[in-house]
Amino acid sequence: MQLKYRLYRRRNGVFYSQENDSQKQGTLRTSDKREAERLLNAMNESHRQPTINLNLARAYLAAHDPKMANRTWQAVMDEMATHGIPTTQDRCARGFRSKAYDPIRNKFLVQTTGADLLAIIHANGNCVAHYLRRLHNLAVDLGWLAWPILAKRAWPKIRSQSKRAITAEEHAAVIASEKNFERRAYYELLYETGASQTDAANLATENIDWHNGILIYRRKKLGPFSEPARLT
Numbered sequence: 001m002q003l004k005y006r007l008y009r010r011r012n013g014v015f016y017s018q019e020n021d022s023q024k025q026g027t028l029r030t031s032d033k034r035e036a037e038r039l040l041n042a043m044n045e046s047h048r049q050p051t052i053n054l055n056l057a058r059a060y061l062a063a064h065d066p067k068m069a070n071r072t073w074q075a076v077m078d079e080m081a082t083h084g085i086p087t088t089q090d091r092c093a094r095g096f097r098s099k100a101y102d103p104i105r106n107k108f109l110v111q112t113t114g115a116d117l118l119a120i121i122h123a124n125g126n127c128v129a130h131y132l133r134r135l136h137n138l139a140v141d142l143g144w145l146a147w148p149i150l151a152k153r154a155w156p157k158i159r160s161q162s163k164r165a166i167t168a169e170e171h172a173a174v175i176a177s178e179k180n181f182e183r184r185a186y187y188e189l190l191y192e193t194g195a196s197q198t199d200a201a202n203l204a205t206e207n208i209d210w211h212n213g214i215l216i217y218r219r220k221k222l223g224p225f226s227e228p229a230r231l232t
């Protein structure tokens, strides 16, 4: 059987591989002939026996980290749900329960391909793509992936839809059509303060500085140590 690659050395002493069919060349980044031959043999062996590559890789990875070969994406999801403030943790845990992640949930990291990730991205929206990329990057940062499955440039760009605030006319129409007094007052509060629904629902009389006429509250998503919002 003809070998796919052959070895040659350039004048600068560095060894290169060359494909016998396409003549495509690539540096082996070494001037040591023994090391270059080992690298070339590995390249030819991987081409000759592709069916055993994964098992060999898992065997080598197991020597480095016994859990690496059997770690699934669910383990990465569980780890990511422990990062950040409690609200962030809850949001991650809730988000990863989505069926969108089922195709890789119980899949071994070392058996995951770029096609697996792209299939999820193309079948879902920006939110899933955003969290999937964060999940992938966390696995790389933790050393649970030996190398990135998708390079930075391979990730599709997230294109957000344009957003705008509600107009005064639209707000007036909502208020006019709402017959429930409490809900109408809640909508008025949201419009006048610009608070999120959760922040507005959590407001109490203690948030009001009656003497100075100031509404003071902390935005929940910014954490307990953030500078509070002050509205007059």
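Numbers 1 to 232, taken from the working numbering, label the letters of the sequence shown in order. Ideal Cβ positions, reconstructed from N, Cα and C, are used throughout, including at glycine.
Please classify Ile104: is it buried, with 16 or more other beta-carbons within 10 angstroms of its beta-carbon, or exposed?
-> buried
From which residue to which residue does the beta strand (DSSP E) around Glu19 run?
-> Phe15 to Glu19
What is the rounded straight-line gap between the Cα of Lys221 and the Cα of Leu190?
-> 16 Å
What's the call for Tyr5, buried or exposed, on a 16-neighbour Cβ count within 10 Å?
-> buried
Ala229 lies in the beta strand (DSSP E); which residues open and close that run?
-> Ala229 to Leu231
Got a sec, what are the start and stop residues for the beta strand (DSSP E) Arg6 sits in?
-> Tyr5 to Arg9
Taking buried to mean at least 16 other C-beta atoms within 10 Å of its own C-beta, is Ile158 buried or exposed?
-> exposed
For Ala176 and Tyr101, the rounded distance between their alpha carbons | 42 Å
Residues sharing a beta bridge with Tyr217, DSSP | Ala229
Measure the C-alpha to C-alpha separation of Asn180 and His171 and round it to an integer number of angstroms.
-> 15 Å
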